[in-house]
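Enquirer: Here our numbering is used: position 284 in the sequence shown is 289, and no number is missing along the way.
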Amino acid sequence: MSNIPNQERPKSVADENLPDVPSGSNWRTTDQDEINRRRVRAAQEPMRFSNLTPAHPVFSNFSVASASGQTYQVELRSLTPLVSACTCVDFRVNGLGTCKHVEGVLRWLREESLALVQAEEWGSTRIDLVPDTATGRLMVERNLNLLPPTLRGFFDITGLALPEYGEQEVLDVFQRNGRSALRISQEVAAWRAQRQRNEERIRRRRDYEQQVRSGRYPTQETKLPLLPYQREGMLHLAFTERALLADEMGLGKTAQAVAAAALLHRLGHVQRVLVVAPASVKTEWEEQIRLFSDLSYLPVFGDRSARKEAYEQPAFFMLTNYEQVVRDIELINTVLKPDCVILDEAQRVKNWNTKTAQSVKKIRSRYAFVLTGTPLENRIDDIYSLMSMLDPQVLGPLFRFNRDFYVLDENGRPVGYKNLQLLRERIQPFLLRRRKVDVEKELPDRTDRTVFVAMDPEQRARYTVHEERVARLLAQSRTRTLSKAEADRLQRELSMMRMLCDTPYILDETCRICPKLNEIQDLLESALSTPGVKVLVFSEWERMLQLVRTRCTQMGVETAWHTGSVPQKNRRREIQRFKNDADCRVFLSTDIGGQGLNLQQASVVINCDLPWNPARLEQRISRAWRKHQMRSVTVVNLVTGDSIEARMIETLARKRLLTDGVLGGDAALDEQLIGTGRQGFLRRLASLVPVPTRSVRVATMPSSEALRAVDPELGFAAMLVERLGDALWLCERVCPASQPRPVLWVVAEGDLRAVTAYVERVRADWFGNVDAHHVPVVEVAGRAAYEALKRLLTHGVLEHAGGERRTLFSRAGGLAQPRLELGSDKAQAQVLRREALLAYRRARQLIAALAFDAAREPLEQAVLLLAQAFALHHGLDQPESVRQALADDYDAFWGDTRPVLDELLDEHGSPVAVSRALMPKFGE
């Protein structure tokens, strides 16, 4: 069962040089490439080896202790071809027949003993008894001719154990023989245990249903009866053991999981259950457990000692949140020792490489219930992560998953999906998904409306600034690959465009313009005029909800507040107040309220903004549109017209199609070439943000962004060339002797009013980092008026005011030369300082919007860029990380702010304190 396919066998186990491996961005790898990756890891990672049966120097079993403290057992049975086994997960999953531990043993043997060379040449004389997965029987793998006469009668001529002999009988006679050459493979025990568990699951379900029919067990495991489809979900969870329940939101996944745990408790298989859920839905779990079961429960709160004390309590259900699992994984495995783990809203761990996902995977338990109404939100990787929690062998290693289900370009990068029907077939035994329309015949009516709202002129002006930045970056991406800094900036600009579709107040607390607010007031007045009607209002941004709360207060409407800034225990109180207080009629929530809450008391859902994926939108709506809802549900989506929000509607529809294709709603969908990765993202983004065409030839000119830091006025002229094209005729800088500030003359043709409006809009933003006394005055004139003025000056009718003049751009001469050479150290340092300022201002905007976690990244960028500018100026090596930027070499630069900036090295450090400490560096 462990043989490597002939075409992919390693060429030699004794290679002296480390092999080359493809870059991480290239997904088009062969099995040999993946074997080489493991050889490199074996050479680079420290391991300790010992031979467990020294009488056999090579074809033996070895103990391998890794640096992480884990110990694995490696078995070598053949070298040519390599046939081995290891107890690690990677060996079990990858299908390569090797792993870094196997490769490490081979390296160790080569370094420690000459026996490896002889073993390669002569082969093994051992007689290995191994499982044969094809027939489900034991077999002698090699050296059948050396089998003792007393054992030959148990096997046929191919080495397969004869079916008339029991499996245990064959193993017993093998063990009793006593010859050291005989070996029962370490894979036999795991193979038998897995097969026994599979048979046990089938038998247990059959026996349970017989006991129910006979009346020995009750027909319901819960205090409140389950609906037929919910009972099927209970049985699926309990008897699949490790299963994914992906019912649409509102169908009672929590009740089904509680029932499955209660059933397993009745059968004596489960005594401790760990429930891992978002912090905001712990209260919901308490309510559901009380409603459906008499089993004990305990929510986990407090510091580490309090949590440890909680894990020691005998409660059947232990209620934790994902953040606690990251901190408590050791306590969970050594103190709580759960028999069953329930992951609620499991899309929280869809990113398989995050610390949260890795911690959850380490929880040891026989049973695992994964609950999510949105198993696939954006990409098929979401399914991969969830299935790897249940059984990593189902979809195999990531490299095989990528080969099987992604369309790759010539560079090995993903550009689409394929074989979606095969993906459905692989996950089908573990997945149970029902849709509301299929199982709930009595669901209330649901009406969806999209209300388009026009932007205020000031809001549009601010929005256009960010839209144009995105357009410039997209234009650059068509000719070259964006740098990481540029790609990050693109993401931030997109986020700010979406924020501005709601209100500038999210980014600027001095501007409370919000056209959507009047629409919300009209909607609330209409809905609340009906007695008993309650309303859910969702927004991605807390600042938007602050405006809604203020308007509700002005209307005399009482609200409940449910956002990430509210402590867990206070959130519970707000939820209960909305549910039980007739006067509290509006529930204001960010997306944390879109997960796991049952809020059937509301029958109107207002979405202030659209999330990026349809699953999150549906999660919001399903808080109200679910079982036991007594009223028709009205959903209103507020969308800003002629904006990224309006164009996102098509994106949401495409993602719904992918979800249906993978999860079985659309069995005809097998491929979807939608483009993934950075280039795919940019192609999709081009449909959301229009990129204007330009007729001026600017390919040979330096870009405005490149000039901005070293020569901001020339950069401004270059930006006008890029954006206005043939409409720009001249841009000239004049320093009149009578005025302290320079004047930029912009001479244009065509629609002068539109050019003037555009120039005024972008001037303040462009010169935002220039001292206020040196920000130029900008005057716009038509070409005809400018030519007339020149004639008057030529004929002496008017006199020049004097002062320095500089032509920045002319139609005839093109763009002027920059005052600093773009590649010089001084110019590059100025560019770095400007980028640092922009990053710092983004961080301050995010802090003002209470997005403290999101502010860390731009603050780190600002610190690193400032240190790089300092290093460039003083001839130091460029720092490549924040930790290097805060090294002793930079103490003179950071001065007294250094201890505060060190908080960036602590994941719990305060972004607010760091932001204040950096103020003097930017003169703000």
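Glycine included, each C-beta is placed from N, C-alpha and C at the ideal position.
(1) Would you mind sorting residue 587 into buried or exposed? The rule is 16 or more other CB atoms within 10 Å of its CB.
(2) Taking residue 534 as the reference, which of 406, 561, 522 has the closest Cα?
(3) If you follow the alpha helix (DSSP H) that residue 39 is in, where does it begin and where does it stop?
(4) Starting from residue 386, follow the beta strand (DSSP E) in both directions and report where the run begins and ends.
(5) Give the DSSP bridge partners of residue 322, in chain order.
(6) Which residues share a DSSP beta bridge with residue 166?
(7) By DSSP, does residue 585 sit in helix, in strand, or in coil?
(8) With a cut-off of 8 Å on the beta carbons, I'd call residue 297 and residue 229 a contact; round off their distance for me.
(9) Counting only the same chain and skipping the five closest in sequence on each side, list residues whose C-beta sits under 6 Å from that of residue 644.
(10) Is residue 61 helix, strand or coil by DSSP?
(11) Please go through the same chain and pick out, in chain order, the residues whose beta-carbon is closer than 6 Å to the beta-carbon of residue 96, but skip the five residues on each side of it.
(12) Taking contact to mean at least 3 C-beta pairs separated by less than 8 Å, is the stretch 227-243 in contact with the stretch 255-272?
(13) Could you tell me whether the Cβ atoms of residue 513 and residue 544 are closer together than 9 Å?
(14) Assess, as a yes-or-no matter, whether the stretch 193-205 is touched by the stretch 120-137 under the definition of 3 or more beta carbon pairs within less than 8 Å.
(15) Between which two residues does the beta strand (DSSP E) carrying residue 412 extend?
(16) Taking the beta strand (DSSP E) that residue 563 belongs to, which residues open and close that run?
(17) Verify whether the separation of the beta carbon atoms of residue 722 and residue 438 is less than 9 Å.
(18) From the DSSP output, which residues share a beta bridge with residue 737?
(19) Of the choices 460, 217, 872, whose alpha-carbon is the least far from that of residue 504?
(20) Ignore the nearest five residues each way along the sequence and tell me which others in residue 303's own chain have a CB closer than 8 Å to its CB.
(21) If I measure Cβ to Cβ from residue 701 and keep anything under 7 Å in the same chain, skipping five residues before and after, which residues do I get?
(22) Between 865, 356, 69, 299, which lies nearest to residue 114 when the distance is taken from Cα to Cα?
(23) My output table needs one value for residue 334: the three-state DSSP class, helix, strand or coil.
(24) Does the Cβ-Cβ distance between residue 909 and residue 891 come in under 9 Å?
(25) Locate the beta strand (DSSP E) running through residue 927, then write down its first and last residues.
(26) Starting from residue 531 and walking both ways along the alpha helix (DSSP H), at which residues does that stretch end?
(27) Quick one, which of 920, 885, 735, 716 has its alpha-carbon nearest residue 823's?
(28) Output the boundary residues of the beta strand (DSSP E) element that contains residue 511.
(29) The alpha helix (DSSP H) that contains residue 368, what's its start and end?
(30) Can we say the stretch 23-32 touches the stretch 388-395, given the rule of at least three CB pairs closer than 8 Å?
(31) Strictly by DSSP, which residues pair up with residue 143?
(32) Can you tell me the Cα-Cα spacing of residue 852 and residue 356, whole angstroms?
(33) Compare the Cα-Cα distances from residue 478 to each of 565, 466, 497, 527 and report the closest residue.
(34) Is the CB-CB distance between residue 841 and residue 867 below 9 Å?
(35) Would you list the one or two residues that DSSP bridges to residue 99?
(36) Hey, how far is the Cα of residue 850 from the Cα of residue 917?
Expert: To lay it out plainly:
(1) Counted from its first residue, the sequence shown places residue 587 at position 582. It counts as exposed.
(2) Your numbering for residue 534 matches position 529 in the sequence shown. Closest by alpha carbon: 561.
(3) Counting from one through the sequence shown, the residue named residue 39 turns up at place 34. Its alpha helix (DSSP H) spans residues 36-49.
(4) Taking the first residue of the sequence shown as position 1, residue 386 is located at position 381. Note, residue 386: premise wrong, no beta strand (DSSP E); alpha helix (DSSP H) at 386-395.
(5) Taking the first residue of the sequence shown as 1, we reach residue 322 at position 317. Its beta-bridge partners are 278, 302.
(6) Start at 1 with the first residue of the sequence shown, and residue 166 comes out as number 161. BP columns for residue 166 point to 160.
(7) The sequence position of residue 585 within the sequence shown is 580, counting from 1. In the structure shown, residue 585 sits in a helix (DSSP, three-state: H, G or I).
(8) Numbered from 1 along the sequence shown, position 292 holds the residue referred to as residue 297. Numbered from 1 along the sequence shown, position 224 holds the residue referred to as residue 229. That pair is a contact at about 6 Å.
(9) Position 639 of the sequence shown holds residue 644. Within the same chain, residue 644 has close Cβ partners 455, 457, 650, 651.
(10) Reading the sequence shown from its first residue, position 56 is the one you call residue 61. The answer is coil: DSSP assigns residue 61 none of H, G, I, E or B.
(11) Residue mapping note: residue 96 aligns to position 91 of the sequence shown, counting from 1. Here the set comprises 104.
(12) yes
(13) As a working mapping, residue 513 is identified with position 508 in the sequence shown. As a working mapping, residue 544 is identified with position 539 in the sequence shown. Contact: no.
(14) yes
(15) Against the sequence shown, residue 412 aligns to sequence position 407. Counting along the chain, the beta strand (DSSP E) containing residue 412 begins and ends at 411-413.
(16) Looking up residue 563 in the sequence shown gives position 558. Note, residue 563: beta strand (DSSP E), 563-567.
(17) Residue numbering aside, residue 722 sits at position 717 when the sequence shown is read from its first letter. Residue numbering aside, residue 438 sits at position 433 when the sequence shown is read from its first letter. Contact: no.
(18) On the sequence shown, residue 737 is found 732 positions in, with the first residue counted as 1. 750, 812, per the DSSP bridge assignment.
(19) On the sequence shown, residue 504 is found 499 positions in, with the first residue counted as 1. Checking every option, the nearest Cα to that of residue 504 belongs to 460.
(20) On the sequence shown, residue 303 is found 298 positions in, with the first residue counted as 1. Excluding sequence neighbours, residue 303 sits near 315, 318, 320, 322, 323, 324.
(21) Locating residue 701 in the sequence shown gives position 696, where the first residue counts as 1. Low confidence applies to residue 701: its pLDDT is 33, below 50, so where it sits in the model is not reliable, and the reading given next is rough at best. 726, 730, 731, listed in sequence order.
(22) Taking the first residue of the sequence shown as 1, we reach residue 114 at position 109. Measuring from the Cα of residue 114, the nearest candidate turns out to be 69.
(23) Position 329 of the sequence shown, counted from the start, is the residue given in the question as residue 334. Helix at residue 334.
(24) As a first step, residue 909 must be located in the sequence shown, where it is residue number 904. As a first step, residue 891 must be located in the sequence shown, where it is residue number 886. Yes.
(25) Within the sequence shown, the letter at position 922 stands for residue 927. Unbroken run through residue 927 is the alpha helix (DSSP H), 916-927; no beta strand (DSSP E).
(26) In the sequence shown, residue 531 corresponds to position 526, counting from 1. Looking at the DSSP string, the run of the alpha helix (DSSP H) that includes residue 531 is 520-533.
(27) Stepping through the sequence shown from its first residue, residue 823 is reached at position 818. When only C-alpha atoms are compared, the closest one is 716.
(28) Position 506 of the sequence shown holds residue 511. Residue 511 -> no beta strand (DSSP E), and no H or E assigned at all.
(29) Position 363 of the sequence shown, counted from the start, is the residue given in the question as residue 368. Looking at the DSSP string, residue 368 is not in any alpha helix (DSSP H), and its letter there is neither H nor E.
(30) no
(31) Counting from one through the sequence shown, the residue named residue 143 turns up at place 138. The partner list for residue 143 (beta bridge, DSSP) reads 136.
(32) For this step, residue 852 is matched to residue 847 along the sequence shown. For this step, residue 356 is matched to residue 351 along the sequence shown. Rounded to the nearest angstrom, the two C-alpha atoms are 26 Å apart.
(33) Along the sequence shown, read from residue 1 onward, the residue named residue 478 stands at position 473. Answer by Cα proximity: 497.
(34) For the purposes of this step, residue 841 is taken as the residue at position 836 of the sequence shown. For the purposes of this step, residue 867 is taken as the residue at position 862 of the sequence shown. For residue 841 and residue 867, yes; Cβs fall inside 9 Å.
(35) Counting from 1 along the sequence shown, the entry for residue 99 is found at position 94. Among the bridge pairs identified by DSSP, residue 99 is matched with none.
(36) Within the sequence shown, residue 850 is the residue found at index 845, counting from 1. Within the sequence shown, residue 917 is the residue found at index 912, counting from 1. Rounded to the nearest angstrom, the two C-alpha atoms are 11 Å apart.
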